[in-house]
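Take a look at the structure below.
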Amino acid sequence: MTARQKRMLLVAGIVVGVSLAVLLVTKGFMGNVMYSYNPTEIAEGKAPPDRRFRLAGMVEKGSIDKTPGTLDVKFLVTDYRHTLHVKYSGILPDLFRDGQGVIAHGRMHGDTFVADEILAKHDEKYMPPEVAKALKDNPPPPNVPSVNSRGT
Amino acid sequence: MIPELGHFALILALVLTAAQAVFGLVGAHRNDPRWQAAVRPAIAGQFVLTTTAMAALIWAFVNFDFSVLYVASNSNSALPTFYRVAALWGAHEGSLLLWAWILSLWTLAVAIFSRNLPVTFASRVMGVLGIVSFGFLLFALVTSNPFERIIPAPADGRDLNPVLQDPALAIHPPLLYTGYVGFAVAYAFACAAMLEGKLDQTWARWTRPWTTFAWCFLSIGIALGSWWAYYELGWGGYWFWDPVENASFMPWLAGTALIHSLAVTEKRGLFKSWTLLLAILAFSLSLLGTFLVRSGVLVSVHSFAADPARGKFILWSLIVMIGGALTLYSVRARTLKSNAGFEGTSRDAFLLYNNILLVLATIVVFIGTLAPLVNDALGLSTISVGSGWFTLSFPWIAIALVALVAIGIHAHWKRGRLGDSRNRLLIGLAAGVVLGAIVFYGAYGPGKLLSLAGICVGIWLIVSSLFDPVDRWRRKLTLSRAVIGMTLAHIGLGIGVIAISTVESHTIERDVALAPGEVVAMGSYAYRFDKIEPVEGPNYDGVRAEVTVLRDGRPVTVLHPEKRNYWVQRSTMTEAGIEARWNMDLFVALGEDLGAGRWSVRAQMRPLIHYVWFAAFLMALGGALAASDKRYRQAARATEAATAPNQAGAS
Chain U
1 MTARQKRMLL
11 VAGIVVGVSL
21 AVLLVTKGFM
31 GNVMYSYNPT
41 EIAEGKAPPD
51 RRFRLAGMVE
61 KGSIDKTPGT
71 LDVKFLVTDY
81 RHTLHVKYSG
91 ILPDLFRDGQ
101 GVIAHGRMHG
111 DTFVADEILA
121 KHDEKYMPPE
131 VAKALKDNPP
141 PPNVPSVNSR
151 GT
Chain L
1 MIPELGHFAL
11 ILALVLTAAQ
21 AVFGLVGAHR
31 NDPRWQAAVR
41 PAIAGQFVLT
51 TTAMAALIWA
61 FVNFDFSVLY
71 VASNSNSALP
81 TFYRVAALWG
91 AHEGSLLLWA
101 WILSLWTLAV
111 AIFSRNLPVT
121 FASRVMGVLG
131 IVSFGFLLFA
141 LVTSNPFERI
151 IPAPADGRDL
161 NPVLQDPALA
171 IHPPLLYTGY
181 VGFAVAYAFA
191 CAAMLEGKLD
201 QTWARWTRPW
211 TTFAWCFLSI
221 GIALGSWWAY
231 YELGWGGYWF
241 WDPVENASFM
251 PWLAGTALIH
261 SLAVTEKRGL
271 FKSWTLLLAI
281 LAFSLSLLGT
291 FLVRSGVLVS
301 VHSFAADPAR
311 GKFILWSLIV
321 MIGGALTLYS
331 VRARTLKSNA
341 GFEGTSRDAF
351 LLYNNILLVL
361 ATIVVFIGTL
371 APLVNDALGL
381 STISVGSGWF
391 TLSFPWIAIA
401 LVALVAIGIH
411 AHWKRGRLGD
421 SRNRLLIGLA
431 AGVVLGAIVF
441 YGAYGPGKLL
451 SLAGICVGIW
461 LIVSSLFDPV
471 DRWRRKLTLS
481 RAVIGMTLAH
491 IGLGIGVIAI
501 STVESHTIER
511 DVALAPGEVV
521 AMGSYAYRFD
531 KIEPVEGPNY
541 DGVRAEVTVL
551 RDGRPVTVLH
561 PEKRNYWVQR
571 STMTEAGIEA
581 RWNMDLFVAL
591 GEDLGAGRWS
601 VRAQMRPLIH
611 YVWFAAFLMA
621 LGGALAASDK
631 RYRQAARATE
641 AATAPNQAGA
651 S
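Quick note, the sequences are listed as chains U and L, same order.
In case it helps, this note's numbering puts the first sequence at residues 1 to 152.
In case it helps, this note's numbering puts the second sequence at residues 1 to 651.
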């Protein structure tokens, strides 16, 4: 094999290798991207029925319903325009509370969002940016708290 | 009065950093000795003034001066003294002051230890540092003044965020910032070299110890943060690929690439322009980290206070610092050609592969961290990248990297000839595979194959690192700090990979609902939830559980997880009950009262998890040893002799 052929082979190898790597990486990346939806978007049917996604909203006041003695909990997530039933089984974060912001990962089962992970912020005034934005675009009725996406 | 004094000192410090930048850069450009002589006094003054500002703020905290807004927001009369001091960096404004103070400390160190460097070069380094300090002080004064008053003063403060009331977290930010800011020195050295249009092996020898020390601090800072998250957030686990964590990890990866690239530049005069790029990159990523954490653009589980105006300021300074350096680079890089060659299996080449993999790792983290931001900025859908992206791609890069270190450690500079070390390579590999398989299956049983690979390459690396020092020791040759340091750091890497692999494949986690007396099985152990009782602390109350760990029915130890309610901020905190044993951690965290006499309990058993942090400590220790090697001190003396001809004969 001449030096030229060797070089061409090396270049071809690199091209194939890099393309394969890019393909795998892209696939891996897309598989792990989670889209975020609020209850209104879900009500409009925008959320995927068969994929995990991220639900952002506020826990509706007084909606937390725990089954005593178990890890099962049901609650409502709202963006003050639509609400959604959420089911979860596991340990809730310390700051998961009535009327506060919440982000849940999971998927739809019929009309209910079944969460496998619940995140809450270490800040009692926190509101998920998605919710803050939605509230700014569509001002809620006057009986809900003012938009405050910032901490202190 | 004293807070105003601090504020005033900060303003004066800003003026002095401007002087430092102008006298340093213009003075070097005009080659005016009087201008350049003014740089060091400016630095000394700036250090005294920023220290005064720090002292003023600490005074306000210690003396409960709640008329200072920042003190009122982050302290409370019930807060212990230690945390009142640590509360200084509990939020944005104080963190920034701390950042500026640490930068002035590094600058002072440069001013002291650069007396042996050529005058114009040292002036340029200090001038560039002056620009960075100016930017940060301006930022602090304009957008986030920690001395702002609140009239009328509240009767009491809002308290320090309870998650921050912890010894590890009290010292985590200063260490992390010392690392971040330390890369400013490498950046300044790079900019000065480009301004001079001269970059040689001596330059690399000057830059290396600074960079390595900064890297050591960053390593320890990250490890402390990770340790804190482990026991304080109550989730268990050492790393969550959270954006705030990633923000500190990216400069670390780039910095690791930089210290290795600098090695090649020092020893062989190669990779010059690449080293410059990495120096710019490492500091840019440090700035980006600050931007990400402080601007509030990130959706993170622990990003605290945030403000978009501040984000914009940091973004602009980011553009100025990176843009300026890259412009300089595009003009000057061509003059910094390296002309020596090397073979594909030489040490030079292996360090190149190391750099490629580390940069690749940085890119992986970068994409995962910034994709949501970019998507958002482009007005596309709101997305987040799950940790799956990182756990999918990162282990492969890490394992390839460790295997390449295990091989490359035997390579010679310039020439290939890896065949010379065939025996060492084969013994190391065999030891890795055999011991790895025995440890994995013998001690832990079947698990993820990727983890098996991790354990094997980790052992291979440790064995490989030991050949050379042991050989030197047996032949009674001198063992320099550089060699010992490198060996320690590489052993640390090996231990880290082994620990992470084991944790990833053999952790047992159970989230359960338990009533007193009930037991949950954890592999060969079992946790028995005995009782729960009230507990009270200085500024909180809560409950404390007693959990007995059993092995074969016999009690081994008792864990005491707590759930605390901090009075002032009315926030709930989880204090995990952890017993660290030599081979595993037994971990229990309390969830909440589930009613019907049950509590939710997070029970975990994580093998070797403490070695992850030990590994980081070992790496930092190795780095510190290597950076204090004799040759850097000798190099300084040699330059001194060369630049002072009348003393040349004497030395």
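Heads up, the beta-carbon is just placed ideally off N, CA and C, and yes, glycines get one too.
L/I409 is positioned such that its CB atom lies no closer than 8 Å to that of L/L357.
CA-to-CA, the gap between U/Q5 and L/D348 works out to about 26 Å.
Under the 8 Å criterion on CB atoms, L/G523 is classed as non-interfacial with respect to chain U. Of all residues in the region 560-587 of chain L, only K563, Q569, R570, S571, T572, M573 and T574 come within less than 9 Å of chain U when Cβ atoms are compared, listed by chain position.
Only those residues of the region 505-535 of chain L whose C-beta falls short of 7 Å from the nearest C-beta of chain U are listed: D511 and A513. Taking the beta carbon of U/G69 as reference, the chain L residues within 8 Å of it are A513, A515, L594, G595, A596, G597 and R598, listed in sequence order. Each residue's CA atom was taken as its position, placing L/L108 and L/R633 some 18 Å apart. Listed in chain order, the beta strand (DSSP E) elements of length 3 or more contained wholly in the region 529-561 of chain L are 540-551 and 554-559.
Classified as exposed, U/D50 has fewer than 16 neighbouring CB atoms from the shown chains inside 10 Å of its CB.
Closest option to L/V264, judged by alpha-carbon separation, among L/R205, L/L292 and L/P251: L/R205. By the neighbour-count definition (other C-beta atoms within 10 Å, threshold 16), L/H260 is a buried residue. Its Cα nearest to that of L/F350, the residue L/R417 stands out among L/R417, L/D166 and L/A86.
Annotation: L/M1 is outside any beta strand (DSSP E) and is labelled neither H nor E by DSSP. For the region 23-37 of chain U, residues whose beta-carbon sits nearer than 8 Å to a beta-carbon of chain L comprise V25, G28, F29, G31, N32, V33, M34, Y35 and S36.
If you check each beta-carbon in the region 85-100 of chain U against every beta-carbon of chain L, the ones closer than 8 Å belong to G90, I91, L92, D94 and L95.
Under the Cβ criterion (8 Å, minimum of three pairs), the region 526-534 of chain L does not count as touching the region 490-502 of chain L. Using a Cβ-Cβ distance cut-off of 8 Å, the region 120-132 of chain L and the region 7-24 of chain L are in contact, since at least three pairs of beta carbons, one from each stretch, lie closer than that value. Non-local C-beta neighbours of L/G6 in its own chain, meaning closer than 7 Å and more than five positions away in sequence, comprise T52, A53, A56, L57 and F147, ordered along the chain. Closest by C-alpha distance to L/S346, out of L/G289, L/L281, L/K414 and L/N355, is L/K414. With a cutoff of 8 Å on beta-carbon distance, L/A333 and L/L285 are scored as not near each other.
Annotation: L/Y441 is outside any beta strand (DSSP E) and is labelled neither H nor E by DSSP.
Between the alpha carbons of L/S480 and L/T17 lies a gap of roughly 39 Å.
Taking a 10 Å sphere around the C-beta of L/N354, we find 16 or more other C-beta atoms and assign the residue as buried.
Under DSSP, L/V385 forms a beta bridge with U/V33. Under the Cβ distance rule, U/K6 does not count among the residues neighbouring chain L, no pair being separated by less than 8 Å. Setting aside the 5 residues that flank it on each side, L/F240 has no residue in the same chain whose C-beta is closer than 6 Å to its C-beta. Distance between L/E536 and L/W567, taken at the CA atoms: about 11 Å. Classified as buried, L/W227 has 16 or more neighbouring CB atoms from the shown chains inside 10 Å of its CB. Counting along the chain, the unbroken beta strand (DSSP E) around U/K74 starts and ends at D72 to T78. The beta-carbon of L/V125 is placed no less than 8 Å from the nearest beta-carbon of chain U.
Taking the Cα positions, L/L429 is about 8 Å away from L/V457.
A straight-line Cα-Cα distance of about 14 Å links U/A43 and U/S36. Under a 10 Å Cβ-count criterion, L/N339 is classified as exposed, with fewer than 16 other Cβ atoms of the shown protein chains found around its own Cβ. As the crow flies, the alpha-carbon of L/P3 is around 55 Å from that of U/M108. Contacts with chain U at 8 Å (Cβ-Cβ) include L/I383.
Membership of L/Y238 in any alpha helix (DSSP H) is not indicated, and neither H nor E is assigned to it by DSSP.
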